[in-house]
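The structure appears right after this line, and notes come after that.
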Amino acid sequence: MPASRSPLETLAVPTTHPLWAVNLATDFGDPLTIIDAAVNTATARALVERALKERGRSLSEVARVIVTHPHPRHLGLAGWIQTRSGAAVFLLERDWRWPWEESERTEQQATYLREHGLPERWIAAISGEQEEIRGQVAPLGQVSWLRPGQTLALGGSTYLVLALPGHEDGHLGLWCPERRFAVLGDVLGPG
Ligand SMILES: [Zn+2]
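If you count the sequence shown from 1, position 190 lands on 231 in the numbering used here, and the numbers rise without skipping.
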C-alpha cells in the first residue's frame with residue numbers, strides 16, 4: 042500500500058475502465074472501516090484482502106463499509122465484504138435506485154450521446170462498459186443510513202457527514218474540521 046498524506050490510508054483499485062481507479066480510504070483501527078468499495082472483480086477482491094493482511098487484519102474483521110454513492114465503482118464490493126464480515130454498509134439515507142435497477146439508464150444515455158453526435162462505435166463501447174460494471178456489483182444485504190450533520194469516529198478523529206449532491210443526488214462526503222481533511226468520493230472526479 043503506497044504512503045499517503047491522508048489521515049486515512051488509501052488503496053487505489055483498478056476498475057474495468059482503462060483510465061480509472063477507485064481510491065478506497067481505510068481506517069485500519071477499530072472499528073475497521075472501508076470507505077467506498079470498488080468494483081467486484083477478482084483483482085479488486087485480492088487487493089483488498091492483501092491490504093488488510095499487510096496490516097494484520099482480515100476481511101472478517103471489517104465492521105463498517107461507508108459508500109459515498111452507489112455507483113458500481115464505489116458499491117461493487119460492499120455486499121461481498123458484508124457477506125464475509127457482517128459489516129454494516131452505510132449510505133446517505135435516500136430512496137436509491139441501485140445499479141441492478143438501472144439498465145434503462147444505459148439506453149437513455151445512449152440516446153443522449155447519439156443526439157449529441159457521438160459515433161455509434163463509441164456509444165456501443167460506453168454502453169457495454171456500463172452494463173458490464175453494473176453486472177459486477179455484488180448483491181447487497183441490509184443497508185444502514187447516514188444523515189447530514191451526523192458525526193462518525195474515523196482514524197481517531199471525528200468526521201461530519203455532509204450531503205454533496207451534484208455528481209449524484211445523495212452523494213455523501215465526510216469532513217474532519219480538526220484535520221481539515223475531507224473524503225469526497227466523486228464530487229471532484231469523473232466516475
Ligand atoms: Zn460516481
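For every residue, glycine included, the Cβ atom is placed at its ideal position computed from N, Cα and C.
None of the values given here were measured: they were computed from a predicted structure.
Assuming residue i and residue j are in contact, meaning their beta carbons sit under 8 Å apart, how far apart are those beta carbons, in whole angstroms?
| i | j | result |
| --- | --- | --- |
| Leu215 | Leu195 | 7 Å |
| Pro140 | Pro111 | 7 Å |
| Val80 | Arg105 | Going by Cβ atoms, the distance from Val80 to Arg105 rounds to 20 Å, so no, they are not a contact pair. |
| Leu52 | Ala78 | About 11 Å separates the two Cβ atoms, so there is no contact after all. |
| Ser185 | Arg220 | Going by Cβ atoms, the distance from Ser185 to Arg220 rounds to 24 Å, so no, they are not a contact pair. |
| Thr263 | Glu172 | Nothing can be reported for residue 263, as the shown portion of the chain is limited to 42 through 232. |
Given 7 Å as the limit, tell me if residue i has its C-beta closer than that to any heavy atom belonging to ligand 1.
| i | result |
| --- | --- |
| Glu209 | yes |
| His157 | no |
| Asp233 | Missing from the structure shown is residue 233; the chain here goes from 42 to 232 and no further. |
| Asp227 | yes |
Taking the DSSP output, what are the residues bridged to residue i?
| i | result |
| --- | --- |
| Glu50 | Thr67 |
| Thr82 | Bridge partners of Thr82: none, in fact. |
| Leu223 | Looking at the sequence provided, one finds Ala at residue 223 rather than Leu. Note: Ala223 sits in a beta bridge opposite Trp216. |
| Leu73 | In DSSP, Leu73 forms no bridge with anything. |
| Val89 | Answer is none; Val89 lacks a bridge partner. |
| Ala194 | Thr199 |
For residue i, would you say it is in contact with chain C, using Cβ-to-Cβ distances shorter than 8 Å as the test?
| i | result |
| --- | --- |
| Glu95 | Absent from the structure: chain C. Only one protein chain is present. |
query: At which residue ranges does the region 168-192 contain complete beta strand (DSSP E) runs of 3 or more residues, listed in the order of the chain?
result: 184-187
query: Whole beta strand (DSSP E) runs in the region 92-154 with 3 or more residues, listed along the chain?
result: 105-107 and 129-133
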